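Those letters in the sequence shown? Residues 220 to 391, by this note's numbering.
Virtual Cβ for every residue (Gly too), placed ideally from N, Cα, C.
Predicted model only: the values in this text are computed from it and were never measured.
A short write-up of the structure that comes next.
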Amino acid sequence: SLNDYYRTGTAAVAGAALQSAVAPQGALESAFFALCAAAHYRFSGDKVIAAQTLPTAQKALVNCGDFSVQTASLALRAGAFVQLGAALDELGEEGRAEFCRQQAEELRQGIAARWCDERGLVADEESGDQASQWANALVLYFALVPKDKLERIGENIGAADERMSDLWHVFF
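As structure tokens, then:
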């Protein structure tokens, strides 16, 4: 399973897991598949597996269609497009890479629109004041807002609204 990659952290196991995986189903699985495929290529340099998995990952990420409107989901999807685009660029797939960059940019704009200057955090939803640590951690990790705002998130993430789901996500 794709979980093998996270448990072992070796490129060989990741490659085997990616090659034996069925096409991802659903939004989260598509994002994690894309992130795993991009990470595998970045750390292994295996162009054969990358040529098989990166296009599959892109197709799944584009066609899954059931992403939540919550900032955490948008940030995860944007991050997957960023990482996938970088891997495709390295592989010489300029057209696919550019498409991923465009998708990531559209998602970044949506995330940036949720910025709450007063709190120095990104809100969880378009019209709300709740700002979870998990969503802001993903925005920070994937650098989805300008640098000055990333610095503010770093300063204020401890004051974010902590929910049980944030703690669950940190565990995994």
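- The criterion of a C-beta distance shorter than 8 Å is not satisfied by aspartate 343 and glutamine 352.
- Going by C-alpha positions, leucine 295 is about 11 Å away from isoleucine 330.
- In the three-state reduction of the DSSP assignment, valine 241 falls in the coil class.
- Within the model, the alpha-carbon separation for arginine 338 versus leucine 359 is close to 15 Å.
- Judged by beta-carbon spacing, phenylalanine 300 lies beyond the 8 Å limit of glutamine 328, meaning their Cβ atoms are not closer than that value.
- In the three-state scheme derived from DSSP, where H, G and I count as helix and E and B as strand, serine 287 is classed as coil.
- Around the CB of phenylalanine 262, fewer than 16 other CB atoms lie within 10 Å, so the residue is classed as exposed.
- If you draw a 10 Å sphere on the C-beta of lysine 368, you find 16 or more other C-beta atoms in it, and that means buried.
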